[in-house]
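Chains as they are written, first to last, in the numbering used here: chain A, 15 to 366; chain B, 15 to 366; chain C, 15 to 366; chain D, 15 to 366.
Idealized CB from N, CA, C, for every residue including glycine.
Here's the structure we're looking at; comments come further down.
There are 4 protein chains.
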Amino acid sequence: MTVSVFDHPLLAGLLGDDELAELFALRAELDAMLRFEAALCEAEAEEGVIPEAAAHAIRRAIEGFRPDTAKLREDTARDGLVVPGLVSQLRAAVGAEHAAHVHFGATSQDVVDTALALRLVGAMEIFRARIGRVVDALDGLEKRDGNTGVMAYTRMQAAIPVTAERKIRSWRDPLMRHRARLEALRGHIAVLHFGGAAGTLDGLGPKGPAVAGRMARKLGLNLVAHARHSERDAQGDYAGWLSLVTGSLGKMGQDIALLSQSEVGEIRLAAGGGSSAMPHKVNPVKAEMLVTLARFNATLVSGMHHALVHENERSGAAWTLEWMLLPQMTVATAAALRTAEVLVGEISFVPA
Amino acid sequence: MTVSVFDHPLLAGLLGDDELAELFALRAELDAMLRFEAALCEAEAEEGVIPEAAAHAIRRAIEGFRPDTAKLREDTARDGLVVPGLVSQLRAAVGAEHAAHVHFGATSQDVVDTALALRLVGAMEIFRARIGRVVDALDGLEKRDGNTGVMAYTRMQAAIPVTAERKIRSWRDPLMRHRARLEALRGHIAVLHFGGAAGTLDGLGPKGPAVAGRMARKLGLNLVAHARHSERDAQGDYAGWLSLVTGSLGKMGQDIALLSQSEVGEIRLAAGGGSSAMPHKVNPVKAEMLVTLARFNATLVSGMHHALVHENERSGAAWTLEWMLLPQMTVATAAALRTAEVLVGEISFVPA
Amino acid sequence: MTVSVFDHPLLAGLLGDDELAELFALRAELDAMLRFEAALCEAEAEEGVIPEAAAHAIRRAIEGFRPDTAKLREDTARDGLVVPGLVSQLRAAVGAEHAAHVHFGATSQDVVDTALALRLVGAMEIFRARIGRVVDALDGLEKRDGNTGVMAYTRMQAAIPVTAERKIRSWRDPLMRHRARLEALRGHIAVLHFGGAAGTLDGLGPKGPAVAGRMARKLGLNLVAHARHSERDAQGDYAGWLSLVTGSLGKMGQDIALLSQSEVGEIRLAAGGGSSAMPHKVNPVKAEMLVTLARFNATLVSGMHHALVHENERSGAAWTLEWMLLPQMTVATAAALRTAEVLVGEISFVPA
Amino acid sequence: MTVSVFDHPLLAGLLGDDELAELFALRAELDAMLRFEAALCEAEAEEGVIPEAAAHAIRRAIEGFRPDTAKLREDTARDGLVVPGLVSQLRAAVGAEHAAHVHFGATSQDVVDTALALRLVGAMEIFRARIGRVVDALDGLEKRDGNTGVMAYTRMQAAIPVTAERKIRSWRDPLMRHRARLEALRGHIAVLHFGGAAGTLDGLGPKGPAVAGRMARKLGLNLVAHARHSERDAQGDYAGWLSLVTGSLGKMGQDIALLSQSEVGEIRLAAGGGSSAMPHKVNPVKAEMLVTLARFNATLVSGMHHALVHENERSGAAWTLEWMLLPQMTVATAAALRTAEVLVGEISFVPA
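Here it is in structure tokens:
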């Protein structure tokens, strides 16, 4: 079943991204959830909240754990999320003696949000690297073509002559600013979510903060004063960043499509898409896809902002909406960066 | 790879829909495209545009056709769409003698848009039936609980007592109107898209209209005066309809979530979701999912309207944006109707 | 204070519309609300719900009514809407004897929604006429320039030659379909909203339906089975229609901007905007504004769909959101139609 | 004419903001534009680009300048923006001798973007102060009610008891993060836009950078390496920030509306809205408005991201879209902060 282009056997090659999609594969998702449970049991044992033997049993169960996904799917449809069913299977795997120590003091949202954070850390690393490569490619383009005399266009009309450098920098500089913005964002995304039933770690009593501190270190995530289950500003801000990146790349794509129009010819494309009806055409497909991905993210970012209106200590409705939007936005951004890097290597400015 | 909840091995059971997703599976998509090509060659042979022997060869090749999907994926990434690669493989399967008669006079958009229309006809049939079942379920609920005295709430505050009938009808009547709206929409969605390179069927000369007429009959689609490659109002209108349906169901979901709050208790849920931290809870998961799906479609509908700004005779950017949004909106609507039907069967109004 | 371009002393000439804005002026709004109250008291007197003398006193007070707008503004800030303060002032004007008969059995939403319906009827009339004029202008353009040979463009590249007729029809035909859609919509917008506190007309007992019937006739609105206070599908559908219209005009604007590019020159503009830096330029300002207005409505339509998730019998939050969006969308659509009509008169196709 | 609630004589008291709207009044807008022109002529005279006498004449003309707004409106409708008409009137006021030195080397976008920046600096100052006051109010609430035992709610169901402190902090902490984010944003908003016709200051030759440096100092704005006419990331990022703020306040509003429901009564409202039909009600109008304003901005932010796809050196279409959205988003945010401050002072937590 392939409702989304990102999961589509054919279209994912155009609009998706293999490396990023990997992070959202079921295996990666369950692994990240189990990493949370492993860190939890270890931290709790170290703090004397659960017996060391229990932690040992849980770790061993996790190592050999093979979830019954058909059952998980069924439970998810009932519970609205994967965790209750997953914890129940994990408890069965651990055995009756230590079952009650599995997931002790945690709540589903701790697991889901932390498991996402672990994977977004990876995504942000990839973004940083890819932005760097696009910036480098644009630097290279400027070095080669920057002095080429071209026409500036304002309001869709030829304005005055400029050099290509002017255009190239207007594509590159926003990316450099986005890279700087990412550093600021990162700290709020790469956090441990751990609050228990109502965000107060009430099940752990005075040991809560110490357990949380150990978990954060084990998972390589930032420790925050309390769980942000219902404070979704980091998610909204991250979604906005994704859409800023695709928006800036969409501007570059739009420019390239306009400048490589048959009559304008200010940019030459070394490669392009073929047509089933007109074999002579070289379509600026990659440039168009940058526009498409920009408008896709510009559309979805709105929903992520609606999801800020999160009722009380946990909103099933608003939280689930994030799941429907954020992975797609993340992959769309990766696809845009991947496409942009290739595209920049395929264009050259043509002297007027 | 499962970036979208609709394609996710676990979450699709909650937020997806097996029956609808089937229509967007690669097999269904390629089949629909090949139905277009089959109808095209037959119609062209009947009108003497291509030899009957060519049509025969093409039909036979289609019957036994097994596409090389790895190659298709690669070509799609270059061309921006599946058709050029698909036609090229089909031509190879047909053989050199008749290859030039494959896809003759058609363009990629004819194939993609018609293949979608063929599948949306099926989707709309399913929608009509499911709306009917939700309406019936609400009628049954009204029969059983309609006279129960409950509280009306305005602006989140208790207002005056009413009977449950008042609430039930406010959920049901919009669905009945949506069903009526669907009939009007259907005629503009269930159309043959056939215009050739620039929407003028120029490759077929005077035979264009006759070929188009035959194709429409063969495919069970409406014939329109000219291809609407760049006129996307039907798609936008259909997307709006989808979001109206999920919006109305979202209102019902929101009401049910509010009325089944612990302190309100105006509605009792026979079933609900479990919590990993609080085993005593019965969460109104289905009601929440209706809200989520409503906000999802309310978000995406915006992008479908942006896609109306379609440049010239074909916009790669705007058209591709539709592919990213419309299948998801369609499946979200199906999921909401499926969920609503079950949910209505699980609620009962509790006398004040 | 001019936060919105539609109310801006200068920009409203570019992006606003005097005729439509008139319908949203305070005077028109209060007049429509008072028409509701007048029809209400008359109908109630005719049905014996209130004394004829009371109706007489109310009508007379309405005729000479001059609201204290400073007080109204203050009350509105507290109550969240204009009606409680307005009714209170009207009651004072009517005098103690009949004050209790003012607004009897009605609720604020009855007044606000009906007052909007009365003005949208006018807006829809204007839309119908203006669409007609744009269609006529395009017919005229086709008559004059339809046979001009021009280039078709697909995916931003020259494709094959066509006649201008092909382009003109792709702009005109969607407008004709929108006009047909408007007829279907109209019936659900031009309705009397009258439900009382909780939508059941409970204050009027058995006389409710008869009073409602008389009011609908007096106001020239359709009578519906029960008030649709919380069923906002008509509003959502209407918003979608507005955005379909601006989207189709935005496509025309985008095409004109592309075809009148300096190097393309397929369309010549008889008039355009001037530049403060480059006196030689003729900017396709009207064409650009059509794109802007299309994207504006495509953005706002999303919020109207979110407003479908209307809690219980009345949602202050969702309902107020409609007020923030629908008038602007309506005026944006009027501005687009006004601009399109002028623009079509200013373009001519240039033989290749 | 009052199409927007922000300019509406009555609704602006509910949803608008007098202090902020002031910044978007025509007078403030023209003043800011004239400040740009004054700084420009002074800097150019100091660098010897224009004669000191010309600068003197321009400064004097600006001081006594009274624009013909009827003419400005007309010119704006033609040119798509205010500047060409304004410059033309200013030149007339300066007189023939120095007219050519007015606006020398600048372009319309320099004026419009810088004039907005000057006013947004003021808006951001107000935001910082207001966020501080809301944070203080929440601190006060925590001091007074923080230990009150209340119920936590997850997925719309009672979960476990917590203290009110937990809820109050989940409202306050995001605001503190938004305040920190504002500091980072500010530097990219408070910039001088000065690039001339195509963003290269080509009219000023080697004097360009020195003139720009002087202007930035005179106007108290940051100097950037080149004009960002077509790089709209700062605008998009700022719009996202606005929507994050209203989203976080919307979450607080939603919580307060839920917790003050008749049956829940966890929060008591000292003041609320009246109903025209049910005098006994105290409606949580301010809480609802926070939700409305959140969804309004969450809707509009999408359009600001679409505006990132800015064609070439200047896009009339994308740029104008910003004008339709950003002032409204700014005022909506101000209204939400104003409302939140009052609302926090009106609520108290009620022991369970």
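Check residue i in the structure and name its three-state DSSP category.
i: F2 (chain B); result: In the structure as shown, chain B starts at 15 and stops at 366, and residue 2 (chain B) therefore has no counterpart that could be examined.
i: F363 (chain B); result: strand
i: N297 (chain B); result: strand
i: A151 (chain D); result: helix
i: A328 (chain A); result: As written in the sequence, residue 328 (chain A) is Arg, which differs from the Ala given in the question. It is a strand residue.
i: V238 (chain C); result: coil
i: V205 (chain B); result: strand
i: G119 (chain D); result: coil
i: G288 (chain C); result: coil
i: A308 (chain A); result: helix
i: L132 (chain A); result: helix
i: P341 (chain B); result: helix
i: I72 (chain B); result: helix
i: L322 (chain C); result: coil
Nearest CA to the CA of residue i: which residue from the options?
i: Q171 (chain D); options: B:S18, B:C55, B:L273, B:A59; result: B:L273
i: A67 (chain C); options: C:I270, C:L256, C:A113; result: C:A113
i: A350 (chain B); options: B:V238, B:M165, B:L189, B:R158; result: B:L189
i: A332 (chain B); options: B:G94, B:V135, B:T162; result: B:G94
i: L104 (chain A); options: A:A129, A:D124, A:N297, A:A75; result: A:A75
i: K295 (chain D); options: B:A166, B:H115, B:G109; result: B:A166
i: V97 (chain D); options: C:V17, C:E336, C:G287, C:G330; result: C:G287
i: P23 (chain D); options: C:A42, C:E302, C:L28; result: C:A42
i: D247 (chain B); options: C:V17, C:W185, C:V323; result: C:W185
i: A107 (chain C); options: C:L134, C:I72, C:A173; result: C:I72
i: L132 (chain A); options: A:I203, A:R328, A:L218; result: A:I203
i: R183 (chain A); options: A:D150, A:G209, A:W337, A:P175; result: A:D150
At what residues does the beta strand (DSSP E) containing residue i begin and finish?
i: Q171 (chain D); result: 171-177
i: R282 (chain D); result: 281-283
i: G78 (chain C); result: Element bounds for G78 (chain C): n/a, residue is neither H nor E.
i: T168 (chain C); result: 163-168
Can you tell me where the alpha helix (DSSP H) holding residue i begins and where it ends?
i: R92 (chain C); result: 83-93
i: R231 (chain C); result: 222-233
i: D251 (chain C); result: 247-273
i: H112 (chain A); result: 110-113
i: G27 (chain D); result: 26-29
Are the C-beta atoms of residue i and some chain F residue less than 7 angstroms apart?
i: H320 (chain D); result: In the displayed structure, chain F is absent; the protein chains listed are A, B, C and D.
Is the segment 189-209 of chain B in contact with the segment 248-266 of chain B, if contact means three or more CB pairs nearer than 8 angstroms? yes
Taking contact to mean at least 3 C-beta pairs separated by less than 8 angstroms, is the segment 118-130 of chain A in contact with the segment 78-89 of chain A? no
At a Cβ cut of 9 angstroms, what residues of the segment 243-257 of chain D count as close to chain A, listed as they run along the chain? H243, S244, E245, R246, D247, A248, G250, D251, A253, G254, W255, S257
Would the segment 273-283 of chain A and the segment 256-269 of chain D be scored as touching if the rule is three or more Cβ pairs under 8 angstroms? no
Pull out every residue of the segment 156-173 of chain C whose Cβ sits closer than 9 angstroms to any Cβ of chain A, in chain order. M165, Y167, T168, R169, M170, Q171, A172, A173
Under 8 angstroms, with one C-beta from each stretch per pair, do the segment 137-150 of chain B and the segment 230-244 of chain B reach the 3-pair mark? no
Pairing CB atoms from the segment 214-229 of chain A with CB atoms from the segment 39-49 of chain A, are three or more of them under 8 angstroms? no
Check whether the segment 148-160 of chain C touches the segment 123-130 of chain C, taking contact to mean three or more Cβ pairs, one atom from each stretch, closer than 8 angstroms. no
Below 7 angstroms between beta carbons is the criterion; list the residues of the segment 39-50 of chain C that meet it against any residue of chain D, in chain order. A39, L40
Residues of the segment 295-306 of chain D whose Cβ lies closer than 9 angstroms to any Cβ of chain B, in chain order: K295, V296, N297, P298, V299, A301, E302
Count the CB pairs spanning the segment 297-317 of chain A and the segment 301-320 of chain B that are closer than 8 angstroms, and state whether there are at least three. yes
For the segment 28-36 of chain C against the segment 296-310 of chain B, do three or more pairs of beta-carbon atoms, one drawn from each stretch, fall closer than 8 angstroms, so that the two count as touching? no
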